[in-house]
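Notes for the one structure printed next.
Protein chains in written order, with our numbering: chain D, 178 to 701; chain C, 17 to 554.
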């Protein structure tokens, strides 16, 4: 080379690195990877999407789904923050509940047949720590169990074995899951690594080149180095795919402004319509830890909680409208959840403290509209320790979605959920499997004497199959499992010796296939 | 990895007896300061290990001057005209919403300035440790004077007595606002602080943390009555709001009964009993030492680490009545800290990475008298931190940043498909074009950096020195050779090409084409280095 030419010329700054690297034959990533067959589950309907909306902080269920059939007890327990009966939003064909006045969007969805309300969702031995409870919901663990994988992470591990080795491939070109935002959620954590991709702006990814020259040392530093390299690879592999999908959608129906949940769902709608094969989306909305000033004095229908619920309701409604506008509404089901509900009794700061079970919403054009469960049985005179006991284990919701929406077979379901959970009729009949809702669930449990001092008898009706009777205390803690076995259809009796229990309010819970019922009983 | 990763020596607090070489010094500085500046490496090498650690733990230096008014009052309803430009606002009670917002901004920018200009101690690092530990959020607290006071409490006690710090924190105005302590009264106790002081600040959530829900309720009753005097900007106790009943704690606390008291001193006396009870529990020291371990060493606490490091460290903490200095000293002086397995294994936090870059490359900022420009420049760093998910002053919630507690990934939580490209983008930006406020440009001056090297005309030594200075773990000779050829030699194989270009730059910088060549090559080399995954580690 002419030396003078070399010295007088220069290489343009911005373009230099990529062309150097490609030109100089730096070892490319994954040059020798093998393609794995993408093992899809039998019956898997490939275009179904599930959207998870996490509400951070612990949403106050009693002011979200207002128990109209126990209004005076509700009012007494929350004299400074109760929602006025006349302001609760009524749902067609439903007498016993009303939605928070700010949730006009969800009211409309219910009346359109696209919303399902599940009452009192929780789990035995509820945990009142944000962080522990969030981990429990995200990992699908028992209360005292610590799992380092997320329930959707495990699902994705089952659906796409070996990820990330061999991905993307011809059957699955796109990210397995997308989380809108800059954080990595435990929900999507697989056995080896996060299964989802975090993005905050789908239209631009700063492109950078990375080169793997040196093998990672066998040390902690090597482990972390490998992790960073893997993230780098994924960003590059999937960044393009996302940008392309995002750019395909040029019009969307209107979304509310100044609503960060709406902003996130807007992106989700684009990516679904833009053609990504991604099945799982996660979005996040916080601020629900309303220890103080949940409502405004003088008008409890407004305040911090109202604003939050209004934003959730408006965002979901706009999202559903857009999905319909885009022609993809039948592909999407979503759910909201929060790590716990809040205390029955309000506190002195016009707020509520951490509680246990709470209702959640499942929405979508293919959702079976309705309400699962009854209002929690409120105490006559609530005290500071009273909590809403659970009627449905949160993992039942997960199992139902996996089985009846994402069409997972029973073996896989067991690998993901780790235990058997009652499935609920959340999605319309004909989606994956037929559900036979057992008839009118009135009076399946009779408890006597009530109040009791030593022994109490529980008479219960089973439709056959797996039947469980549990005893829980007023804080939602499991005291004893009285029955947990298969039964023939019929009426049965079991005695419970509760003499040793502290006096107070208890709950007897029956679970039989898709049916559950809770009765309260007082020990004196 | 199929082979077990093993420490060089079984974990213990035995003092480091290895060489006090550049690598050891860099490792210590990278874990205690932000990036290892070349001058600092030289300075600490000269002090030897004990001298170095004593220097790092030196608290005799004065605290920085408080933040100043660098903002215009805009359309504030109640402007703070009494405070002149460049004067501090921290003692002025103005709490107008707009002014408070400007002041919170001023506080955060000032904090960045302290990080960039840090002295040769661990204090700035410990301020962030304690901020993460006692996470409050400036946006929730609102009142900027309380925000500063809270920060100053941490800063003044960063290397002091943990028990005293927790005691003071329990009635700190910002904390009383953030965790609702100021609303906690006998007719409706609020459990927010009583839960978090146990779960997050003293006992933790480990397998040995068996405090109960009733403990949370009893503690809430004990903490009733505290209020804030907004004129004096300090907390006070109102006995009329205090629950005077006895507080019975669980078997975890030895069934301790804290007698309820009445009168003006009840709050203080019961709080003292409560703090003593918490810290009398063995789990407190274990929890705090595990946090320090994760902060300074690594997040994997194996059974041998628990037995060899955490347990004796916790004992040391208790025996020193919860003075934190002896514990940090023991940890940082240990052979285990310097074990090769523990080097280069942390993923840098956003703050560590960005401030580290500024310090490593000695990026210039205006002189202190130009405070408005400085605050403006520091503000940009805050945006970087926030976009990378470490909003200094406003962690996501009271449990701090996930990187320091979330299983299984811990620091890996800083890095995902969104934050990683942003990290690279921000680093590249500072290395290439920089950013400008009021005409002052902040950018890495690669030429100045390279000029100070031992042998910049030798492309091999140049790359060696750069890689050695900034990378968390080394890259191979083969990798460096490829870099040399592609970036410094423009594809050629003769080192002379670079030497000649460099010599010409030194002798005749007015030769525009050559200077441009040299500048671009150095910029690209630095950019390449900081884009490497190895740069993300420390």
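Where is the CB? At the ideal position from N, CA and C, for every residue including glycine. Just so we're clear, the structure is a prediction, and the values are computed from it rather than from any experiment.
Asked, Found
"Checking contacts by CB at 8 angstroms: is residue 359 of chain C closer than that to chain D?", "yes"
"Taking a cut of 8 angstroms between CB atoms, which residues from the stretch 421 to 449 of chain C lie near chain D?", "421, 422, 423, 424, 425, 427, 428, 429, 431, 432, 433, 434, 435, 436, 437, 438, 440, 441, 444, 448"
"Using a Cβ cut-off of 9 angstroms, which residues of the stretch 491 to 508 of chain C contact any Cβ in chain D, in chain order?", "491, 492, 494, 495, 498, 501, 502, 503, 506, 507, 508"
"DSSP beta-bridge partners for residue 556 of chain C?", "Only positions 17 to 554 of chain C appear in this structure, which leaves residue 556 of chain C out of reach."
"Cutting at 6 angstroms between CB atoms, please list the residues of its own chain near residue 187 of chain C, excluding the five before and the five after it.", "242, 251"
"When the Cα atoms are used, what is the spatial distance from residue 505 of chain D to residue 231 of chain D?", "22 angstroms"
"If you drop the 5 nearest sequence neighbours on each side, which residues of the same chain put their C-beta closer than 6 angstroms to that of residue 488 of chain C?", "360, 550, 553, 554"
"Provide the residue(s) that pair with residue 686 of chain D in DSSP beta bridges, ordered along the chain.", "D/647, D/695"
"Got a sec? Which residues, its chain only, sit under 7 angstroms from residue 218 of chain D by beta carbon, not counting five neighbours each side?", "Since pLDDT at residue 218 of chain D reaches only 29, below the 50 mark, its modelled position is unreliable, and the value read off the structure follows with that caveat. Cβ within range, chain order: 336, 584, 585, 586, 589."
"Is the Cβ of residue 549 of chain C closer than 8 angstroms to any Cβ of chain D?", "yes"
"Taking the beta carbon of residue 442 of chain D as the centre, do at least 16 other beta carbons fall within 10 Å, making it buried, or is it exposed?", "buried"
"With a Cβ-Cβ cutoff of 8 angstroms, do residue 722 of chain D and residue 601 of chain D count as a contact?", "Residue 722 of chain D falls outside the range modelled here, since chain D spans only 178 to 701, and no answer is possible."
"Using a C-beta cutoff of 8 angstroms, does residue 254 of chain C count as contacting chain D?", "no"
"Going by DSSP, which residues form a beta bridge with residue 622 of chain D?", "D/637"
"Could you tell me whether the Cβ of residue 300 of chain C comes closer than 8 angstroms to any Cβ of chain D?", "no"
"Check the Cβ of residue 314 of chain C against every Cβ in chain D and list those closer than 7 angstroms, keeping chain order.", "397"
"Taking any Cβ of chain D, which residues in the stretch 367 to 399 of chain C have a Cβ under 8 angstroms from it, in chain order?", "none"
"DSSP three-state call for residue 204 of chain C: helix, strand or coil?", "strand"
"Compare the C-alpha of residue 215 of chain C against each of C/200, C/232, C/167 and name the closest.", "C/232"
"Closer than 7 angstroms by C-beta to residue 184 of chain C: which residues in its own chain qualify, once you throw out the five before and the five after it? Chain order, please.", "169"
"Where residue 293 of chain C and residue 302 of chain C are concerned, what is the direct C-alpha to C-alpha distance, given to the nearest angstrom?", "15 angstroms"
"Under three-state DSSP, which class holds residue 528 of chain D?", "coil"
"Between residue 289 of chain C and the rest of its own chain, which residues show a CB-CB distance below 7 angstroms, the 5 nearest in sequence each way excluded?", "274"
"If I follow the unbroken alpha helix (DSSP H) through residue 576 of chain D, where does it start and stop?", "571 to 577"
"For residue 526 of chain C, does the count of other Cβ atoms within 10 angstroms reach 16, so buried, or fall short, so exposed?", "exposed"
"Using a cut-off of 9 angstroms between C-beta atoms, extract the partners of residue 374 of chain D located in chain C.", "432, 433, 434"
"Can you name the residues of chain D whose CB is closer than 9 angstroms to the CB of residue 38 of chain C?", "The contacting residues do not exist; residue 38 of chain C stays about 17 angstroms from chain D at best."
"Express the C-alpha separation of residue 229 of chain D and residue 379 of chain D in angstroms, rounding to a whole number.", "18 angstroms"
"Taking Cβ-Cβ distances shorter than 8 angstroms, what residues in chain D pair up with residue 33 of chain C?", "Under the 8 angstroms cutoff, chain D gives no residues; its nearest Cβ is about 21 angstroms from residue 33 of chain C."
"Three-state secondary structure (DSSP) at residue 387 of chain C?", "helix"
"For residue 76 of chain C, decide whether its Cβ has a neighbour in chain D, counting only Cβ atoms nearer than 8 angstroms.", "no"
"Would you decide whether residue 494 of chain C is buried or exposed? Buried here means 16 or more other CB atoms lie within 10 Å of its CB.", "exposed"
"Give a yes or no on whether the minimum CB-CB distance between residue 457 of chain C and chain D is below 8 angstroms.", "no"
"Under 8 angstroms between beta-carbons, which chain D residues line up against residue 221 of chain C? List them in chain order, please.", "306, 308, 309"
"Counting only Cβ-Cβ distances shorter than 8 angstroms, please list the residues of the stretch 274 to 308 of chain D near chain C, keeping chain order.", "305, 306, 307, 308"
"Work out the CA separation of residue 276 of chain C and residue 270 of chain C for me, nearest whole Å.", "18 angstroms"
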